[in-house]
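Participant: In the order they appear, the protein sequences are chains A and B. The letter at position 70 of the first sequence is residue 72 when you use the working numbering, and the numbering goes up by one with no holes. The letter at position 59 of the second sequence is residue 1009 when you use the working numbering, and the numbering goes up by one with no holes. Beta carbons are placed, not taken as given, at the ideal position from N, Cα and C, and that holds for glycine. Bear in mind the structure is a predicted one, so any value in this text is a computation, not a measurement. So that we are looking at the same thing, I have put the structure below in C-alpha cells.
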Amino acid sequence: MSSRFNLHHSLFIGFCATLLVVIKSMLRMKLGFSGHSMFLMSLFYLVCYGATNKVGSISLCGLLSGMLAMILGVGKGGLFILLKFTLPAMAMDIGLLFIGALFSLKVRLILVALIGSVAWALKSGVQDFLVGMDMNIVLLQFGINCLSGGAFAVLGALLVPLILKRLDAHDLLMKNGMRDK
Amino acid sequence: MTLLALHQVELQLGSSTDLYQNLNLQINAGECHCISGATGCGKTTLLQLMAMPNQFNYQGEITHSPELIIGMIMQDPHVQLVRETIGAEVAFGLENLSVPALDMLPLVEQALAKVGLAFPLNTPVTHLSLGQKYRLMLAAQLVFEPNLMLIDEPWAQLDNQGITELCKVLTDLLETGVSVVIVEHNTAPFTDMIDFQWQLTSGALFCSTRSPQASHDFADKISRHSASLCLDDKMSVNMMQQKNVDAAAQSNCLLTLSDVTIRYANQIATLHISETVSLHAGDIVGLFGENGCGKTSLFNQIVGVSDEYKGQISLLGKTPKLGLFGANLGFLMQRPSRQLFEMTVQQELEFSLKRFGLPLANATEILTQLNLLPLASHSPHKLSYGQQHLVALASVLCIKPKILLLDDPFAGLDNHYFPLVINALKHFAENGGAIIFSSHRPILSSLLSKCWLIEQQQLTEHCVLKRVS
C-alpha cells in the first residue's frame, strides 16, 4: 500500500482542522483558567493521527487550523495564532517519531498530548518573555501552563480511543487507520 | 493482451481472518468473467482490490496493463453517485480527464442513450429510482470508454428490462474488445456472454463447472430462481382480479388504500390506486413493478415518511404519520445502511427491543433463525450489502410488529440465506403478522396471498392461485 498521503487522508485532516476551529470559535468558553484550549486541540489532533496513522498528519492539521483561524479571526493573536496551532502539532509529530511504535495506543496518546501541552506552554512563555516579563514569572507561568494545559490535553487524549472505536465500527477509518487492539 | 492479473494474492481483513489465500486470476482483452460466491465471502472487496490495489495491504502480485482503463459499477448507487444532475454525473469522468466542455455533450448523450436513460440532462439524480441510478452509474463509466468493466451484482438492482439492456450493452462492449468482470449470485441472465465462471470459496477462486441451469434447482421450491421461473409463465395465467373481499378478513384489516394518487410537487402523478386495496393479518403481499414505478414512494406514504398523496391511507385505523405506530410497524428500507447505526449487530437488534421494552432474547432468536449469530459481534457497517440487508431485516423482525413493509428485501442474498429469510417471513405471517414486500420482478408466487402490480402508473390488486407442488 502506498505510504503517501492520499485524498482520503487529506479530507480527514481538513475535516479535523475545520471542526477544531469551528468548535473553538463557537464555544468561546470563558472558564477563567488557562489550558482548556488544549482539550479540543489534543482531541482533534490525535483523532487525526489515529484516523490516518501517519506521522506528519498532526502538523498538517495544525497548519491548516492555524491558517483557518487566522483567516477567520478566531482569537486575538494575529500571527501568533498560527504558532499557537502549529507549535503543539509539530511537537506532537516529533514526539511520535520517537514513540510511534512504542506503548499501547492509550499510553502513546497521553504522552503525545503531554508533549503537545509543553509546546503550547512554551509558546505562551515566549510571548510572556517578548512582552518583557521577569524571567522568574515567565518560568512560573510556563510551569502552571504546562500543568493545566497537560491536564486538559490528557482529558482530550482519553476520548480519542472511544472516537476511533466508533469511527472504526462505522467503517470510516482508512484501511491503515489505527484501531485500538 | 492481458489487462489485469492477480498472482498468489493474499489479503487479510481485520485482525485475524484471511479473506483471500493464493488467489489467481488473469483477465485478457475481450473476456467476460463471472464470479459467484456466498454472501459476505469477499466478492465486492475483490473488485475493489482489482481496481485500487494500492488501497490494500495485500501479499502477492497484482499487475495492471499500461493500457488498462477500469470502469467500476458498485452495488449501491448511492455510494458512487456524486453529482446532483444526471448530465453532470455522466460528465464527471470526462471533466477529470480534461475533455473540452464542447466535446462532452454528445458523449454524455450517447452514454445515456446506451443505457436507456431518456431523461433531460438536468434531471436531478434524486428523482431516479434505484434501478435508474444503476443505469446512470453505467453511463458514467461507459462515457470514458474503459477497457475493463467491473460490475457488482446488477441482477439485484435492475428489473428484467434493465438486465436485458445491460446484457445488450455488455455484449456490444465485449465485441469491441472490452473485458467484463461481473460479480453475481444469479448468473443465469448472463450465461450467453460469460467465458469464465468462477466460484469464490475459502478465499480462492475455483473455475466453476456448475451449469447456470443448476442454480435453478433448489430443493426448496420457494427459492428465488424457481419462483421467478414460475412467474415468468404464470403471471397472466395464475393471477385474476380479486373482486370479493371476505367479510371475516375485513375485520382483520390492517391497511387500506382508497383512491390514492402519489404526486410530488410540480410533477406528474407517480402512481394511482383507483380501487380500494387492503392488507389483512397473515397476508403476504408482493408489490411488483419495474424500476422507478413508485414502489418505494408508496412505502414512504404508508409509513408516513412522506405525505405527498391525495386519497385515503389507513394504517392500523390511523392516517400515517412518522413515529405514530411504534412497535406495530416494521419498515425495511431499500438501502439497509440507512437504518443501521449501532456498533455491533447484536446492539443493532437490541436497540429497538430496549426502546419498546421487549425481551432482549428476541434478538438472539431471530439471529439464530437467520443464521446470523456468527456476525453478532461484528460491526453492521462493515458487512457486505447482502449481510446488511439481513441484519436490517432481523432488526425489524425481532420487534414482532403487526405489519412489516420490506422494500426489496432479497437484494444481495445468496442461495444459503434466501430460504432462511423466506422461512422467517412465513413464520412471521403464520403468527398473524402482515407483510408487504417489493421487488422489481415477480417472485415467490407460492408464498403470496395476493400481489399488488404496478403497470402504467396504476396499482391493481390481484390474488395468486398458489401452485401445488
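Reducing DSSP to helix, strand and coil, say where ILE1471 of chain B ends up.
Facilitator: Shown here, chain B extends from 951 to 1419; a query on residue 1471 of chain B therefore has no answer.
Participant: Give me the Cβ distance between MET1002 of chain B and LEU1100 of chain B, rounded to the nearest whole Å; I'm assuming they're in contact under 8 Å.
Facilitator: Between LEU1100 of chain B and MET1002 of chain B the Cβ distance is about 11 Å, and since that is not below 8 Å, they are no contact.
Participant: Just to confirm my understanding: we take VAL1418 of chain B, look at its own chain, exclude 5 residues before and 5 after, and list those with CB closer than 8 Å. What are they?
Facilitator: Confidence at VAL1418 of chain B is low in this model, with a pLDDT of 41, below 50, so its placement is unreliable and the value that follows should be read with caution. There are no such residues.
Participant: Among the residues of its own chain, which have a CB less than 8 Å from the CB of LEU161 of chain A, if the five just before and after it don't count?
Facilitator: If we look at LEU161 of chain A and ignore the five residues flanking it on each side, its Cβ neighbours are LEU45.
Participant: May I ask you to list, following chain order, the residues of the stretch 1307-1339 of chain B that have a beta carbon less than 8 Å from some beta carbon of chain A?
Facilitator: So the list reads SER1329, HIS1331 and LYS1332, given in the order they occur along the chain.
Participant: Do we get a CB-CB distance below 8 Å when we pair MET1283 of chain B with the residues of chain A?
Facilitator: Closer than 8 Å: no.
Participant: Buried or exposed: where does GLN1082 of chain B fall if 16 or more other Cβ atoms within 10 Å of its Cβ makes it buried?
Facilitator: Buried, by the Cβ-count rule.
Participant: Go through its chain and collect everything with a Cβ distance to LEU963 of chain B's Cβ below 6 Å, but skip five positions before and after it.
Facilitator: The residues are LEU969.
Participant: Give the straight-line distance between the Cα atoms of ARG1213 of chain B and THR1076 of chain B, rounded to the nearest whole angstrom.
Facilitator: Going from the Cα of ARG1213 of chain B to the Cα of THR1076 of chain B covers about 15 Å.
Participant: Using 8 Å as the cut-off, can you tell me whether the stretch 52-64 of chain A makes contact with the stretch 145-152 of chain A, which would need three or more C-beta pairs spanning the two stretches below that distance?
Facilitator: No, the stretch 52-64 of chain A does not touch the stretch 145-152 of chain A.
Participant: Could you tell me how far apart the beta carbons of GLY1362 of chain B and GLN1025 of chain B are, in whole angstroms, since I believe they sit closer than 8 Å?
Facilitator: Contact holds; Cβ gap of about 7 Å.
Participant: Using alpha carbons as the reference points, say which of B:THR1220, B:HIS1230 and B:LEU1221 lies closest to CYS1203 of chain B.
Facilitator: Among B:THR1220, B:HIS1230 and B:LEU1221, the Cα nearest to that of CYS1203 of chain B belongs to B:HIS1230.
Participant: Taking beta-carbon pairs under 7 Å, can you tell me which members of the stretch 42-66 of chain A lie near chain B?
Facilitator: Going along the stretch 42-66 of chain A in chain order, one finds no residue with a Cβ nearer than 7 Å to chain B.
Participant: Can you check which of these residues, B:CYS1348, B:LEU1078 and B:LEU1098, is closest to ARG1305 of chain B by C-alpha distance?
Facilitator: Here the closest residue by C-alpha is B:CYS1348.
Participant: Report the neighbours of ALA103 of chain A on chain E: residues whose CB is nearer than 9 Å to its CB, in chain order.
Facilitator: Of the protein chains in this structure, namely A and B, none is chain E.
Participant: Distance check for GLY1127 of chain B and LEU21 of chain A, CA to CA, integer angstroms please.
Facilitator: Cα to Cα, the separation comes out at about 49 Å.
Participant: In or out: LEU956 of chain B buried (at least 16 other Cβ within 10 Å) or exposed?
Facilitator: By the 10 Å Cβ count, LEU956 of chain B comes out buried.
Participant: So LEU953 of chain B and SER1015 of chain B are in contact, right, with Cβ under 8 Å, and what is the actual spacing, rounded?
Facilitator: LEU953 of chain B to SER1015 of chain B, Cβ: 5 Å. Contact.
Participant: How about the stretch 1219-1228 of chain B and the stretch 1399-1409 of chain B: do they share at least three Cβ pairs that are nearer than 8 Å?
Facilitator: They touch, by the three-pair rule.
Participant: From which residue to which residue does the beta strand (DSSP E) around HIS11 of chain A run?
Facilitator: From DSSP, HIS11 of chain A is part of no beta strand (DSSP E) but of the alpha helix (DSSP H) over 9-29.
Participant: So THR1206 of chain B is in the beta strand (DSSP E); what residue range does that whole segment cover?
Facilitator: It spans 1203-1212 - the beta strand (DSSP E) in which THR1206 of chain B sits, taken as one unbroken run.
Participant: Indicate the three-state DSSP secondary structure (helix, strand or coil) for HIS1175 of chain B in the structure shown.
Facilitator: Low local confidence applies: a pLDDT of 43 at HIS1175 of chain B is under 50, so the model's placement there is unreliable, and no value is given.
Participant: Would you verify that the beta carbon of MET1087 of chain B is, or is not, closer than 8 Å to some beta carbon of chain A?
Facilitator: No, MET1087 of chain B lies away from the interface with chain A (no Cβ there is under 8 Å from its Cβ).
Participant: Can you tell me the Cα-Cα spacing of ALA1326 of chain B and GLY1244 of chain B, whole angstroms?
Facilitator: If you take the alpha carbons of ALA1326 of chain B and GLY1244 of chain B, they lie about 34 Å apart.
Participant: Give me the Cα-Cα distance between PHE1069 of chain B and GLU1380 of chain B, rounded to the nearest whole angstrom.
Facilitator: Going from the Cα of PHE1069 of chain B to the Cα of GLU1380 of chain B covers about 44 Å.
Participant: Say whether chain B places a C-beta atom closer than 8 Å to the C-beta of ALA93 of chain A.
Facilitator: False, the Cβ-Cβ gap to chain B never drops below 8 Å.
Participant: Mapping DSSP to helix, strand and coil, what is ASP1196 of chain B?
Facilitator: Residue confidence is low: ASP1196 of chain B scores 49 on pLDDT, short of 50, so the model does not pin down where it sits. No coordinate-derived value is stated.
Participant: Using a Cβ-Cβ cut-off of less than 9 Å, list which residues of the stretch 164-175 of chain A approach chain B; keep chain order.
Facilitator: Listed by position along the chain: LYS167, ARG168, ASP170, ALA171, HIS172, ASP173 and LEU174.
Participant: Grab me the residues of PRO1309 of chain B's own chain with a C-beta within less than 8 Å of its C-beta, minus the 5 sequence neighbours each way, in chain order.
Facilitator: Closer than 8 Å at Cβ, skipping near neighbours: LEU1303.
Participant: At a CB distance below 7 Å, what residues from the stretch 1286-1308 of chain B approach chain A? Give them in sequence order.
Facilitator: Those would be MET1293, in chain order.
Participant: Can you check the stretch 1054-1099 of chain B for any beta strand (DSSP E) of at least 3 residues that lies completely inside it and give the ranges in chain order?
Facilitator: Runs found: none.
Participant: Indicate whether the contact test is met: 3 or more Cβ pairs, each with one atom in the stretch 1249-1257 of chain B and one in the stretch 1294-1301 of chain B, closer than 8 Å.
Facilitator: Cβ pair count under 8 Å is below three, so no.
Participant: Going along the chain, which residues of its own chain have a beta-carbon closer than 7 Å to the beta-carbon of ARG1285 of chain B, five neighbours each way excluded?
Facilitator: Excluding sequence neighbours, ARG1285 of chain B sits near ASP1026 and HIS1028.
Participant: Where do the ends of the beta strand (DSSP E) carrying MET1022 of chain B lie?
Facilitator: 1020-1023 is the span of the beta strand (DSSP E), which, as asked, contains MET1022 of chain B.
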